[in-house]
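Student: Take 1 as the starting number for the sequence shown in full-length UniProt numbering and just add one per residue. Using N, Cα and C, we set each Cβ at its ideal position, and we do this for glycine too. Remember, predicted model here, so these are calculated numbers, not experimental data.
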Amino acid sequence: MTTRSADAAPAVSTGQLIGEIKDDLSGLVKDEIELAKAEIREDAKAVGLGGALLAVVALLALLALVMLSIALAFGIHALGLGLGWAFLITAGAQLLLAAILGLVAKNRFGSVSGPKRAQRAAKQAIRPVQAGSTS
1 MTTRSADAAP
11 AVSTGQLIGE
21 IKDDLSGLVK
31 DEIELAKAEI
41 REDAKAVGLG
51 GALLAVVALL
61 ALLALVMLSI
71 ALAFGIHALG
81 LGLGWAFLIT
91 AGAQLLLAAI
101 LGLVAKNRFG
111 SVSGPKRAQR
121 AAKQAIRPVQ
131 AGSTS
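In C-alpha cells:
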C-alpha cells in the first residue's frame with residue numbers, strides 16, 4: 001500500500017493563492033453589487049407605481065373637490081351665512097384635507113427600504129475575510 005507524501009502534492013505559490021483570493025473577492029463584490037442594484041430597481045418600481053397612483057388620486061380628488069366645494073359654499077350660504085364667509089370656510093376645509101393627504105403621502109414614501117438583503121449578505125461575506133486577516 002502506497003501513500004502520497006507531502007512532497008508529491010502540487011506546489012501552489014503564495015502569489016497564485018493571493019491571485020485566486022483576489023479573483024474570488026472580485027467576483028463576490030460584483031455579485032453583491034448586482035444584488036443591491038436588483039433590490040434598488042424593485043424599490044424604484046414600487047415608488048414609481050405609488051407616485052403614479054398618488055397623482056391619479058390627486059387629480060380625481062381635485063376635480064371632485066372643486067365641484068363639492070362650490071356646492072358646499074352655496075349650501076353654507078343658503079343657511080344664512082354670507083357668501084364670502086361660506087367660501088372661506090370651504091377653503092379652510094380644503095386646506096385641512098390637503099394637509100392630511102400630504103402626511104399620508106409622506107408616510108407611503110417613507111416606507112421604502114434600502115437594499116437590506118445585499119447589506120446583510122455583504123456583511124456575512126466579509127466576516128470570514130476579517131477573521132482570517134486577524135489570525
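(1) Where does Ala122 fall in DSSP's three states?
(2) Would the beta-carbon of Ala122 fall within 8 Å of that of Glu32?
(3) Taking the straight line between their C-alpha atoms, what separation do you get for Ala118 and Leu25?
(4) Would the C-beta of Gly80 count as close to the ligand GDP, meaning under 7 Å from any of its heavy atoms?
(5) Would you identify the three-state DSSP class for Pro115, choosing helix, strand or coil?
(6) Over the uninterrupted alpha helix (DSSP H) stretch that includes Gly15, give me the two end residues.
(7) Out of Gly48, Gly15, Ile21 and Gln16, which has the shortest C-alpha to C-alpha gap to Gly132?
(8) For Gly102, which of helix, strand or coil comes out of DSSP?
(9) Would you mind sorting Thr90 into buried or exposed? The rule is 16 or more other CB atoms within 10 Å of its CB.
(10) So for Gly82, helix, strand or coil by DSSP?
(11) My guess is that Ala73 and Ala86 are in contact by the Cβ rule of under 8 Å, so how many angstroms apart are they, rounded?
Tutor: Per the coordinate set shown:
(1) In this structure, Ala122 counts as helix in the three-state DSSP scheme.
(2) With contacts defined as CB atoms closer than 8 Å, Ala122 and Glu32 qualify as a contacting pair.
(3) When rounded, the distance between both Cα atoms is 15 Å.
(4) Among the components of this structure there are no ligands whatsoever, and the ligand GDP is therefore not found.
(5) DSSP places Pro115 in coil when its eight states are reduced to three.
(6) Thr14 to Ala78 is the span of the alpha helix (DSSP H), which, as asked, contains Gly15.
(7) Of the candidates Gly48, Gly15, Ile21 and Gln16, the one whose C-alpha sits nearest the C-alpha of Gly132 is Ile21.
(8) Helix at Gly102.
(9) Thr90 comes out buried.
(10) The DSSP-derived three-state label of Gly82 is coil.
(11) The C-beta distance from Ala73 to Ala86 rounds to 4 Å, short enough to meet the 8 Å contact threshold.
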